Every structure is written in structure tokens, then in C-alpha cells.
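For reference, the structure discussed in these notes is given below.
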Amino acid sequence: MLRNIKELEHYVIGATDGHVGHVQDLYFSDDSWVVRYLVVNSGAWLLGRNVLISPVSIHNPNWMDRVLPVSLTKDQIKNSPDMDADKPVSRQHEVEYLDYYGYPYYWGGGGMWGAGLYPYAMTPGYGSYGLSGADYDSELAAYARDQRARHRNDDPHLRSCNAVAGYQIHASDGEIGHVSSMLIDEKTWAIRYIIVDTSNWWMGHKVLVAPEWITGVNWADSSVTINLSRQAIKDSPPYDSTEEVNRERESKLYQYYGRHGYWAEAALTDS
Numbered sequence: 004m005l006r007n008i009k010e011l012e013h014y015v016i017g018a019t020d021g022h023v024g025h026v027q028d029l030y031f032s033d034d035s036w037v038v039r040y041l042v043v044n045s046g047a048w049l050l051g052r053n054v055l056i057s058p059v060s061i062h063n064p065n066w067m068d069r070v071l072p073v074s075l076t077k078d079q080i081k082n083s084p085d086m087d088a089d090k091p092v093s094r095q096h097e098v099e100y101l102d103y104y105g106y107p108y109y110w111g112g113g114g115m116w117g118a119g120l121y122p123y124a125m126t127p128g129y130g131s132y133g134l135s136g137a138d139y140d141s142e143l144a145a146y147a148r149d150q151r152a153r154h155r156n157d158d159p160h161l162r163s164c165n166a167v168a169g170y171q172i173h174a175s176d177g178e179i180g181h182v183s184s185m186l187i188d189e190k191t192w193a194i195r196y197i198i199v200d201t202s203n204w205w206m207g208h209k210v211l212v213a214p215e216w217i218t219g220v221n222w223a224d225s226s227v228t229i230n231l232s233r234q235a236i237k238d239s240p241p242y243d244s245t246e247e248v249n250r251e252r253e254s255k256l257y258q259y260y261g262r263h264g265y266w267a268e269a270a271l272t273d274s
């Protein structure tokens, strides 16, 4: 199922021994359009300190009660590496964070999350079947050393979902609207669609644009360019936030643009 990122704002993060704060932003990789971290405001508990929570730790979300349970204790979260919400999250900071929790690095594996599609598959011990505990720990440590060396100087690719809201959308023949929000896959945490508000071009119309149709993002001037014409976007199936974006609606959207759905490729990758 797809979730609007605005829906996730103010969701409570539930540690194994109590609530720790609420979601106030999400960070995504700008090269893969996958949410990598939730930015959580700890409130009075940690004097308003922001902490990062990886989808790897989230299990069985309670969508009805707006709670995201995580497989972490409050002390683990309290003692996690500090972050500065006003500065980009560097790859070095990510390495420090992932090493602290014992999570494998999500990059370099060919999939959305390592070599696979789902963040839960990166939970420590998930892929260790057939190895003794010592062998697995040794293998994981060797992998971590190698990845630290490979990616020590990587440029940061994490972007704030809140910051991208409001970016101007440029079609192939002119401006068409702005980013209103995004829809994410609740299982993979991939951003499947950008919600484009076209009301500054014609009245009150919202449409969906998939990240793979984007040809460029200018982070300096806050704009997104897509390889679709304004007329094509205007005539595309409208987005109604009161209706679920199910596979039937997605299929109609992709068929309208003459594109192949992402789910076919995902099925091949997952098989």
C-alpha cells in the first residue's frame, strides 16, 4: 500500500520499552528515491533532540493508531550518534550510525536495500542462516571495514522530504506546478510518486509523477524537470487524496503514459 508522507508526520515511534518521540521529517536517497531515515523529534524525553530511525528497525507498523514500532530500546536510541538537522547527513555519519546499530550498509548491493527490496531483510541475523554467531560477526566486521574504505569520501545523497515540498516542476515545455507531497511504498519505503499540485497553472488539479520520469533535479534552485509535456500532464488521471492509489489506478496511470510499471521489475528482482 502507498502512504502519503504527510500522513507519517507526527506518527509516534514506539521502542520496545516505551514511546520515544514523533516523526517530523524523512530523508531519502536522491539517487534511488528510497526513504533511508525518519527524523524523530524526541520532545521532552531528550530535550527536543532529533534522532534518526532507519526503516530497518521498523516492524509491523500500526497504521490505525499512527504508531511505528521499532526493534530498539530507549537506551539504544538515546545513545545513538548525534545528528544536526540543519546540516547534510554525510556518508561518514551514516557509517557511524549503521555501525552503532549493527546494520549492513544499504548502498552498493544492487537492490533498494543491499541486494534486496525490503529493509527488514537487513536486520542483524536475518541473513546469517548457516553461519555460526562468531563466523557471522567476523564476516559482518570484514564487510563493514571494506565498505568504510570504499565509501569514506562519498558525497551525501540524502534529502529532506519536507525541504523538497514546494519545489517547482518543469515539464518539457514549461512550468507546470510544484511538489505537494510524495507517496511511499509501506513495505520497501521507496518513493513511488511525487504529488504535483498544478493549481498555479490551472485550477485545483493534482497529478502523480513517478521518479523514473524525472530527468533532473536542481537542488540549488529548488526545481524538478520531467520529460513529459504540460498537456500530457494536464490530461493524465487526476490524483484524489481520498481514494487509495491501488494497483489498478497505478496501471491506468502507467498505461496512459505508455510506460511499464515498476512492479514488474520488482517482481523479477524479488524472484
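If you're matching positions, the sequence shown starts at 4 in this note's numbering and goes up one per residue.
From the three backbone atoms N, C-alpha and C, an ideal C-beta is built for every residue, glycine too.
Because the structure is a prediction, the values reported are computed rather than measured.
- In this structure, isoleucine 179 sits near valine 199, with a CB-CB distance shorter than 8 angstroms.
- Between valine 92 and isoleucine 194, the beta carbon gap of about 17 angstroms keeps them out of contact (Cβ cut-off 8 angstroms).
- Comparing C-alpha distances from aspartate 238 to each of Ile229, Gly21 and Tyr260 shows the shortest one belongs to Tyr260.
- When secondary structure is reduced to three states using DSSP, valine 42 falls in the strand class.
- DSSP places asparagine 221 in the strand class (E or B) of the three-state scheme.
- Annotated three-state conformation of valine 248 is coil, per DSSP.
- When secondary structure is reduced to three states using DSSP, histidine 208 falls in the coil class, being assigned neither helix nor strand.
- For leucine 186, the secondary structure class from DSSP, reduced to helix, strand or coil, is strand.
- With contacts defined as CB atoms closer than 8 angstroms, glutamate 246 and arginine 6 fail to qualify as a contacting pair.
- Cβ-Cβ distances below 7 angstroms link glutamate 12 to Val26 and Gln27 in the same chain, with the five nearest sequence neighbours on each side left out; the list follows chain order.
- The beta carbons of isoleucine 8 and serine 184 sit about 6 angstroms from each other, so the pair counts as a contact at 8 angstroms.
- In the DSSP assignment, tyrosine 100 falls within the alpha helix (DSSP H) that extends over 94 to 104.
- Scanning its chain for C-beta atoms nearer than 6 angstroms, with the 5 sequence neighbours on each side dropped, one finds around proline 107 the residues Gly117 and Met125, in chain order.
- The continuous alpha helix (DSSP H) containing arginine 233 extends over residues 233 to 237.
- Annotation for aspartate 68: no beta strand (DSSP E) segment contains it, and DSSP assigns it neither H nor E.
- In the structure shown, the three-state DSSP call for asparagine 63 is coil.
- By DSSP's assignment, isoleucine 197 forms a beta bridge with Met185 and Val212.
- Methionine 4 and histidine 96 have their C-alpha atoms some 31 angstroms from each other.
- Measuring C-alpha to C-alpha distances from tryptophan 66 to each of Leu101, Tyr40, Ile16 and Val54 identifies Ile16 as the nearest.
- If you draw a 10 Å sphere on the C-beta of arginine 262, you find fewer than 16 other C-beta atoms in it, and that means exposed.
- In the three-state reduction of the DSSP assignment, tyrosine 170 falls in the coil class, being assigned neither a helical nor a strand state.
- Note: aspartate 28 is bridge-paired with Val42 in the DSSP secondary-structure output.
- In this chain, the beta strand (DSSP E) harbouring leucine 5 covers 5 to 7.
- For tyrosine 103, the number of other beta carbons within 10 angstroms of its own is below 16, and it is reported as exposed.
- Between leucine 71 and the set Glu253, Glu10 and Ala267, the nearest pair of CA atoms involves Glu10.
- Ranked by Cα distance from alanine 223, the options Gly21, Tyr170 and Gln79 are led by Tyr170.
- Residue range 15 to 18 is occupied by the beta strand (DSSP E) that includes glycine 17.
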